[in-house]
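Chemist:
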Amino acid sequence: MTEQARLHDKKVATELHRLSKSDDEYWAFRGRSTRHRMQGLTQYPAMMVPAMQAELMRTVTGAGQGMKSVFDPFAGSGTTLVESMRLGLDYTGYDINPLAVLFCKTKAGPFHTRRLKKAVRAVLEKAKTDRSRKAEADFPGLRKWFSPVAITELSKIRRAIRDVDHIWCRRVLWTGLAETVRLTSNSRTSTFKLHIRSKEDLESRVVSPLETFHSVMHEISDRLEEEAEKLKAMGHISKNGHYRGNVNIRLCNSTEPDPKGDEHDLLVTSPPYGDNTTTVPYGQYSFLPLQWIDLKDIDEQAGEECTQSAYYIDGQSLGGYRNNPKRQMDDMLEISPSLKKTLHKLEKLPSDRKNRVAAFVHDLNASLGAVVPALRQHGYMIWTIGNRRVGGKQVPTDKILRELLEAKGIRWVTRLDRKIPSKRMATRNSIASTMRREAILVFRKA
Numbered sequence: 158m159t160e161q162a163r164l165h166d167k168k169v170a171t172e173l174h175r176l177s178k179s180d181d182e183y184w185a186f187r188g189r190s191t192r193h194r195m196q197g198l199t200q201y202p203a204m205m206v207p208a209m210q211a212e213l214m215r216t217v218t219g220a221g222q223g224m225k226s227v228f229d230p231f232a233g234s235g236t237t238l239v240e241s242m243r244l245g246l247d248y249t250g251y252d253i254n255p256l257a258v259l260f261c262k263t264k265a266g267p268f269h270t271r272r273l274k275k276a277v278r279a280v281l282e283k284a285k286t287d288r289s290r291k292a293e294a295d296f297p298g299l300r301k302w303f304s305p306v307a308i309t310e311l312s313k314i315r316r317a318i319r320d321v322d323h324i325w326c327r328r329v330l331w332t333g334l335a336e337t338v339r340l341t342s343n344s345r346t347s348t349f350k351l352h353i354r355s356k357e358d359l360e361s362r363v364v365s366p367l368e369t370f371h372s373v374m375h376e377i378s379d380r381l382e383e384e385a386e387k388l389k390a391m392g393h394i395s396k397n398g399h400y401r402g403n404v405n406i407r408l409c410n411s412t413e414p415d416p417k418g419d420e421h422d423l424l425v426t427s428p429p430y431g432d433n434t435t436t437v438p439y440g441q442y443s444f445l446p447l448q449w450i451d452l453k454d455i456d457e458q459a460g461e462e463c464t465q466s467a468y469y470i471d472g473q474s475l476g477g478y479r480n481n482p483k484r485q486m487d488d489m490l491e492i493s494p495s496l497k498k499t500l501h502k503l504e505k506l507p508s509d510r511k512n513r514v515a516a517f518v519h520d521l522n523a524s525l526g527a528v529v530p531a532l533r534q535h536g537y538m539i540w541t542i543g544n545r546r547v548g549g550k551q552v553p554t555d556k557i558l559r560e561l562l563e564a565k566g567i568r569w570v571t572r573l574d575r576k577i578p579s580k581r582m583a584t585r586n587s588i589a590s591t592m593r594r595e596a597i598l599v600f601r602k603a
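So for the sequence shown, my numbering puts the first residue at 158; every next one is plus one.
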């Protein structure tokens, strides 16, 4: 390690800890987690705290070394994307969930707010005068999850959106339709899992997707307009509404290497706490909205398989497939004493507990094999990570991640601990009652 790199590491660590020196709970961001402007554009499970991400990114990029590009292999709904744009940085984000990719592409612009508002009016007018009763979604459980009125009105909106000429505009409208589906389906909004409302609730509930869509698009349009004004004032978007930096959103698994071979200056991410099925069910959350959205408008790689089952996306995510080659597991146990110790603790429990942890760490390590080459030499990593419990035992994912990264030549810089004042997920998700802290881990590629 060069003396310059060592001094830079010290500068980054000192500045991060200086912020919390007078306030032990500084990184909890209690009372500072409001999602302003574009950060509040969408609802999505376990979203990061924007102000915290912004503080971390400003501190690390402000320490020097001319950082210009950010990489997030678990992009989610685009919290890091938005903060990167506010700093005028290039951004590359991956996600395996088509709905997350849609949200990111919507937030990336272009910002033609007047044209958007005109398109919203046209879509609403066309939908309101549409006399067809044809259902534009067809999947098992359609009439379980949607009332007859909801099916008819959502179908009218979908047909109207399809008639819009420009794909950037359709993506914004699909984003609004996704939120409309969430609010007007028969699934409860108190959890991100699919959970049918009570019989009494369904009998008394009156919904109108047309009215909901109108309200949702009004808020989305306002938020995009406010964001565009701020970005324009900072010189980050051009007169024609396009972001001046480069934004690349890929629908792909985090284990896939960058086809361009780009090397980024800074990685900022927060991977899943564990396998989606037993932690945060991103796929279940996305299942109903994706039934009503034209997938090819999201990404050419989006296939119909993601709408065939509520569990498909979660099964493709980290830890979703639990048949790991023994040789690869043995290699990981050699480099991660914390993983070895954890699996030993789970030996006497039902085998699915041990397999669940092993599969997740196996896939996380595989993703690191693609992530590390995507970072330039001396580039920094910021990971926000939580330690879940499996079978009553805490899984030290923070320690495991450090060991896996150090085995790949990544240098440890510092660690920050934060209390979670309110969970970044629906309050009734069972994991919310077992996780109260997260770790912010900072590394550098040597």
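Note that beta-carbon positions come from the ideal geometry of N, C-alpha and C, so glycine has one too.
Output the residue ranges of the beta strand (DSSP E) runs that lie fully inside the region 247–294 and measure 3 residues or longer, sorted by chain position.
Modeler: Here the runs fully enclosed are 247–252.
Chemist: Would you mind sorting ASN254 into buried or exposed? The rule is 16 or more other CB atoms within 10 Å of its CB.
Modeler: Buried, because 16 or more other Cβ atoms sit within 10 Å of the Cβ of ASN254.
Chemist: Determine whether the beta carbon atoms of ILE542 and LEU562 lie at a separation below 8 Å.
Modeler: No, they are not a contact pair.
Chemist: Pick helix, strand or coil for PHE228, following the three-state DSSP scheme.
Modeler: Strand.
Chemist: Comparing C-alpha positions only, which one of LEU496, PRO438, ILE450 and ASP379 sits nearest to TYR469?
Modeler: Out of LEU496, PRO438, ILE450 and ASP379, PRO438 has the C-alpha closest to the C-alpha of TYR469.
Chemist: Would you please verify whether the beta carbon of SER289 is less than 8 Å from any beta carbon of chain B?
Modeler: Included in the structure is just one protein chain, with no chain B present.
Chemist: Fully enclosed by the region 532–588, which alpha helix (DSSP H) runs are 4 residues long or longer?
Modeler: As far as the region 532–588 is concerned, its whole alpha helix (DSSP H) runs of at least 4 residues are 554–563.
Chemist: Just to confirm the assignment, what range does the alpha helix (DSSP H) spanning ALA170 have?
Modeler: Segment 160–176, the alpha helix (DSSP H) holding ALA170.
Chemist: Could you have a look at LEU311 and say whether DSSP puts it in helix, strand or coil?
Modeler: Three-state result, LEU311: helix.
Chemist: Looking at the strands, I want to know which residues DSSP matches up with ALA596.
Modeler: Per DSSP, ILE542 and ASP574.
Chemist: Please state if the CB of THR571 and the CB of ALA170 are separated by a distance shorter than 8 Å.
Modeler: Yes, they are a contact pair.
Chemist: Taking DSSP as the reference, what is the three-state secondary structure of ASN397?
Modeler: In the structure shown, ASN397 sits in coil (DSSP, three-state: anything other than H, G, I, E or B).
Chemist: Which residues in the same chain have their Cβ closer than 7 Å to the Cβ of LEU445, if we skip the five residues on either side of it in sequence?
Modeler: Cβ within range, chain order: TRP302, VAL338, SER342 and SER344.
Chemist: Cutting at 8 Å between CB atoms, please list the residues of its own chain near THR332, excluding the five before and the five after it.
Modeler: Excluding positions up to five away in sequence, the list reads LEU198, THR199, LEU259, PHE260, THR263 and ILE377.
Chemist: Take the Cβ of THR369 as the centre, count every other Cβ of all protein chains shown within 10 Å, and call the residue buried at 16 or more, exposed below.
Modeler: Per the 10 Å Cβ criterion, buried.
Chemist: Beta carbon of PHE296, beta carbon of GLN473: below 8 Å?
Modeler: Taking 8 Å as the Cβ cut-off, PHE296 and GLN473 do not qualify as a contacting pair.
Chemist: Should ASN522 be labelled buried (16 or more other beta-carbon atoms within 10 Å of its own) or exposed?
Modeler: Buried: at least 16 other Cβ atoms inside 10 Å.
Chemist: Tell me, to the nearest whole angstrom, how far the beta carbon of THR237 is from that of ASP419; I am working on the premise that it is less than 8 Å.
Modeler: Not confirmed; about 16 Å, so no contact.
Chemist: Report all residues from its chain with a CB closer than 8 Å to the CB of MET486; omit the five preceding and five following residues, and keep chain order.
Modeler: Same-chain partners within the cutoff: ALA515 and HIS519.
Chemist: What's the gap between the Cα of GLN196 and the Cα of GLY440?
Modeler: The alpha-carbon atoms of GLN196 and GLY440 are separated by roughly 21 Å.
Chemist: Which stretch, first to last residue, makes up the beta strand (DSSP E) that contains ASP180?
Modeler: No beta strand (DSSP E) contains ASP180, which DSSP labels as neither H nor E.
Chemist: Are THR218 and LEU176 closer than 8 Å when you measure CB to CB?
Modeler: Cβ distance not < 8 Å, so THR218 and LEU176 don't count as in contact.
Chemist: Taking all protein chains shown into account, decide if THR554 is buried (16 or more other Cβ within 10 angstroms of its Cβ) or exposed.
Modeler: THR554 is buried by the Cβ-count criterion.
Chemist: Closest to ALA276 by C-alpha separation, out of HIS371, ASP422 and ALA220, would be which residue?
Modeler: Checking every option, the nearest Cα to that of ALA276 belongs to HIS371.
Chemist: Whole beta strand (DSSP E) runs in the region 354–441 with 3 or more residues, listed along the chain?
Modeler: If we require 3 residues or more, the beta strand (DSSP E) runs fully inside the region 354–441 come out as 404–408 and 421–426.
Chemist: Using 8 Å as the cut-off, can you tell me whether the region 347–361 makes contact with the region 311–331, which would need three or more C-beta pairs spanning the two stretches below that distance?
Modeler: Counting Cβ pairs under 8 Å, fewer than three are found: no touch.
Chemist: So, using beta-carbon positions, are TYR201 and CYS409 closer together than 8 Å?
Modeler: No, the Cβ-Cβ distance between TYR201 and CYS409 is not below 8 Å.
Chemist: With distances taken from CA atoms, which of HIS174, VAL227, ASP180 and MET214 is nearest ALA531?
Modeler: Ranking HIS174, VAL227, ASP180 and MET214 by Cα distance to ALA531 puts VAL227 first.
Chemist: Helix or strand or just coil, what does DSSP make of ARG601?
Modeler: Three-state DSSP puts ARG601 in a strand.
Chemist: Output the distance between the C-alpha atoms of ARG581 and MET204, rounded to the nearest integer angstrom.
Modeler: Per-residue confidence for ARG581 stands at a pLDDT of 48, beneath the threshold of 50, marking its modelled position as unreliable; the derived number appears in the next sentence. If you take the alpha carbons of ARG581 and MET204, they lie about 5 Å apart.
Chemist: Which of the three DSSP states is assigned to SER344 in this structure?
Modeler: Reduced to three states, the DSSP call for SER344 is strand.
Chemist: Does the pairing of the region 275–294 with the region 307–318 give three or more beta-carbon distances under 8 Å?
Modeler: The answer is yes - the region 307–318 touches the region 275–294, with three or more Cβ pairs under 8 Å.
Chemist: For VAL529, which residues in the same chain have their Cβ closer than 6 Å to its Cβ, ignoring the five residues on either side in sequence?
Modeler: Same-chain partners within the cutoff: LYS565.
Chemist: Please report the straight-line C-alpha distance between ILE597 and ARG290, rounded to a whole angstrom.
Modeler: Using only the alpha carbons, I get a separation of about 51 Å.
Chemist: Take SER443 as the anchor and find which of GLU160, THR159, ALA603 and GLY233 has the nearest alpha-carbon.
Modeler: The residue with the shortest Cα to Cα distance from SER443 is GLY233.
Chemist: Grab me the residues of ARG533's own chain with a C-beta within less than 8 Å of its C-beta, minus the 5 sequence neighbours each way, in chain order.
Modeler: Contacts found: GLU420, HIS421, ASP422 and LYS602.
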